[in-house]
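Presented below is the structure to which this report refers.
Chains as they are written, first to last, in the working numbering: chain A, 1376 to 1535; chain B, 1376 to 1535; chain C, 1376 to 1535; chain D, 1376 to 1535; chain E, 1376 to 1535; chain F, 1376 to 1535.
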């Protein structure tokens, strides 16, 4: 197992130098799941048939958070993202699944942007619904796929 | 089950008016768990015996994120936090558990600050270790306890 | 006509000292109008009958901008806002009217927050629709009402 | 009339994918007008003959806001701007006209940056002068010209 | 010599809990000095007799930075500042002295806000003049006075 | 001595147009020194042998500040930094020296990013230690080296 790339020799953290890496088109996909009571999910779904809705607020929060990633995760690079997309579906039981996809043309990848977008979208769902369901749990935040970088294509094996 | 408090009558989102709520001391505790390979956890633990370390970067990222909560979660209120504390322990298997506690003296609570701190600390752990373990999964992000508000004391039942 | 309160004696700008002013509940209301082609307004209205919609994105942008006011307007004070509300209606012809209301319990007022929310909501409408109507014009950004401060109640005379 | 480009098929908002667009030099010009009492304009002009001045504060606020555009307008792209310029003139009657020009070398244009700079500069003028003239109105925020993109050159017809 | 208050028992950093401290009016004053070539100082002074000027840009940058202190210094508290003031004078030889004063009504002091304002104002002077004098040095950034807190009045002994 | 490049002809500040400059790899190095009491330095050094430590917090604050430079220094360009590195050593007497290096592939240099990183790291050291040593002074903030731009290589002559 190789070294942790964010820690320099003496154990000091640093932002990894990417200046020698090629500029390529890179895509990352991630997900998060919010488990809640069935009545909460129903409430979200009913609202979303009307005008304003929990999912739209969550979606925008996720997109905006993707753009703030380098200011949240200390050692991330600032990247001029080409695209951010966030989708929702139900994930079995009373679970809401959030899937994000981020695209960039740059020297480093956008895993953290995709994961941050998923996390903040999930936190926003919590915030919107916490008055009715404090027990909601956010989980399964993970990278689904990553392409375009030097380390090759990565895709998580379907398991769950 | 009551209405979602962030949506006004016509379905439009709004920031809930808290001006009639009393200023009280409020505390919230939350957690997140990062599941990883045993070798990754060992690497984090070894590093943390040296100087720089993954956990310290994650801790600072979480504290700083707590202060940015109102700019990440669209309908949250800006709150002048009194304290933010973040602790780590292992959670069984190759899991790292993050526990956060946020304190404020204000008209509304800090659940979202505690949850955001936990989430961003977990994302930072992912970022610091992703070069060796892309498959890490963040989960169990949830509120543990909340006190000081009008709605009374909330404590999640111990279950897992 | 009195002095401009943001400029100190020697002509230097400064953030006005509000520490002697009383903490009171303060409210400000503002508006903005976006003039567009009738077909653009129709498109906004049709979308808003579906799920995602221009107005909801604009609303959230305005709310989030209200919270960023002190970081946009150089001499504004950071204020822990109690509430932000944004409503839309049509304003005669093919015009969309945006009305904002901001509430705070603080030593200074929230006119700038109300005006900033209206402006950024309007800019977001432009951004969402610019692919179909580059000629849209934003206007009539103005303070409608202000209460709770030392200078008394202000309400703009109805004129237009 | 074509589709609104920020809304995906199911009505969900997304950040438009620009990764297939060519990197070109792009320029946008915008304007805003602040209508005020003649005595207010005189006060601004007299100050500007001295040292500190309303226009310089407004200019800097506009420039800094241009750089924050992607964090204010939810679906805008982060762009490494090459230049931002802001000029002032009087616009007939007691009106102050603000003209902005933004330049970038990127995959998408800077209309929103130019419009945001103009809006925030105008809001700052309001903030600096509101102690003497609460009735000021900001208007005529609009795109004047846009060049360098795939959609060709756009210039607003002179009308007013 | 007492413990460093930002490090909890196990060596972990945390944001100090100020919830038990009284809300009082607190003031801090700080300074910074920019040493430069005489010709550079002359250039700054001549410009400042005209319209735009280096000092005004630096002043605004310092004021805005004071408001961002909690987002720059990881363990600082967010504070709703009552006032920020920045003055300039020459400090002997070809040196520009910057003095800042920050006021707040809060549970903790504003030393870091005063120091941050001075530092960023000085950095801005460097940025504005670096095309003519890369060798400028910023120094003597230090706290001059602090009042209103539990630890009593602090005033640096005049020495230099 | 040439003109100050940030001021346009009429004395108005503007962000310099860099669109005609070539994209090259650029590096800047800067330093800052924090003078303190010997007991304070000992305390920092002892802590750094343990787990959490002042230097690690300062390092991260400096790295994150480098990424915020364009939002702190009004006329700086937003740059997608390739790398940021921060090192510490003692500088004779009871002084802590901070050295920063920033790398970018862009149309303009990163002097301000290197200087801002050094300054904010130094301010963070002050914040972490101010409970034991309010008299600490930050000084010698200066550019050490700059390469890769049109103006050629710059290296400060060793003097101190």
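Ideal Cβ placement from N, Cα and C applies to all residues, glycine included.
- Restricting attention to 1440(B), 1485(B) and 1393(B), the CA atom closest to the CA of residue 1523(B) is found in 1485(B).
- Residue 1481(C): member of the beta strand (DSSP E) spanning 1470-1481, first to last residue.
- Using a Cβ distance threshold of 8 Å, residue 1502(D) and residue 1450(C) count as a contacting pair.
- One Cα belongs to residue 1443(E), the other to residue 1460(B), and the distance between them is close to 21 Å.
- Inter-residue distance for residue 1396(B) and residue 1526(B) is about 11 Å (C-alpha atoms, whole angstroms).
- Secondary structure in the stretch 1409-1459 of chain A: no beta strand (DSSP E) run of 3 residues or longer lies completely within the stretch.
- Look at the stretch 1511-1528 of chain B: the residues with a C-beta under 9 Å from a C-beta of chain A are 1511, 1512, 1513, 1514, 1515, 1516, 1517, 1518, 1521 and 1526.
- Counted as a single uninterrupted DSSP element, the beta strand (DSSP E) harbouring residue 1518(B) occupies residues 1512-1522.
- Taking the CA atoms as reference points, residue 1493(F) sits about 54 Å from residue 1417(C).
- The beta carbon of residue 1495(D) is closer than 6 Å to those of 1436, 1437 and 1440 in its chain, skipping five residues each way along the sequence.
- In the displayed model, residue 1532(D) falls within coil according to three-state DSSP, outside both helix and strand.
- In this structure, the alpha-carbon of residue 1482(B) lies about 14 Å from that of residue 1488(B).
- The Cβ-Cβ distance between residue 1458(C) and residue 1380(B) does not fall below 8 Å.
- In the DSSP assignment, residue 1466(E) falls outside any alpha helix (DSSP H), carrying neither H nor E.
- With a cut-off of 8 Å on Cβ pairs, the stretch 1403-1418 of chain E is in contact with the stretch 1462-1472 of chain E, counting three or more such pairs.
- Annotation for residue 1399(A): 1523 place their beta carbon closer than 6 Å to its own, counting only its chain and skipping 5 residues before and after.
- Contact of residue 1457(E) with chain C by beta-carbon distance below 8 Å involves 1392, 1393, 1394, 1452 and 1482.
- Under DSSP, residue 1390(F) forms a beta bridge with 1459(D).
- Of the other Cβ atoms in all chains shown, 16 or more fall within 10 Å of the Cβ of residue 1428(F); this residue is therefore buried.
- Assignment of beta-bridge partners to residue 1405(D) by DSSP yields 1475(D) and 1518(D).
- If you compare the alpha carbons of 1476(A), 1506(A) and 1512(A) with that of residue 1490(B), the shortest gap goes to 1512(A).
- A residue is called buried once 16 or more other Cβ atoms fall within 10 Å of its Cβ, and residue 1508(E) is buried on that count.
- Of all residues in the stretch 1426-1445 of chain F, those with a C-beta nearer than 9 Å to a C-beta of chain B are 1426, 1427, 1428, 1430, 1431, 1432, 1434, 1435, 1436 and 1439, reading in chain order.
- Contact with chain E is absent for residue 1404(F), since none of that chain's Cβ atoms lies less than 8 Å from the residue's Cβ.
- Among the residues of chain A, those whose CB is under 8 Å from the CB of residue 1400(F) are 1394, following chain order.
- Take the alpha-carbon of residue 1477(D) and the one of residue 1529(D): they are about 15 Å apart.
- Here residue 1433(E) is near residue 1500(E), since their CB atoms are less than 8 Å apart.
- Counting along the chain, residue 1490(E) sits inside the alpha helix (DSSP H) bounded by residues 1486-1504.
- Judged by their CB atoms, residue 1456(E) and residue 1446(C) are not nearer to each other than the 8 Å cut-off.
- Excluding residues up to 5 positions away in sequence, 1517, 1518, 1519 and 1520 lie with their Cβ nearer than 8 Å to the Cβ of residue 1531(E) in the same chain.
- In the displayed model, residue 1400(F) falls within a strand according to three-state DSSP.
- The C-alpha of residue 1403(E) lies about 9 Å from the C-alpha of residue 1479(E).
- Below the 8 Å Cβ cutoff, chain C contributes 1392 and 1394 as neighbours of residue 1478(E), in chain order.
- With contacts defined as CB atoms closer than 8 Å, residue 1431(B) and residue 1388(E) qualify as a contacting pair.
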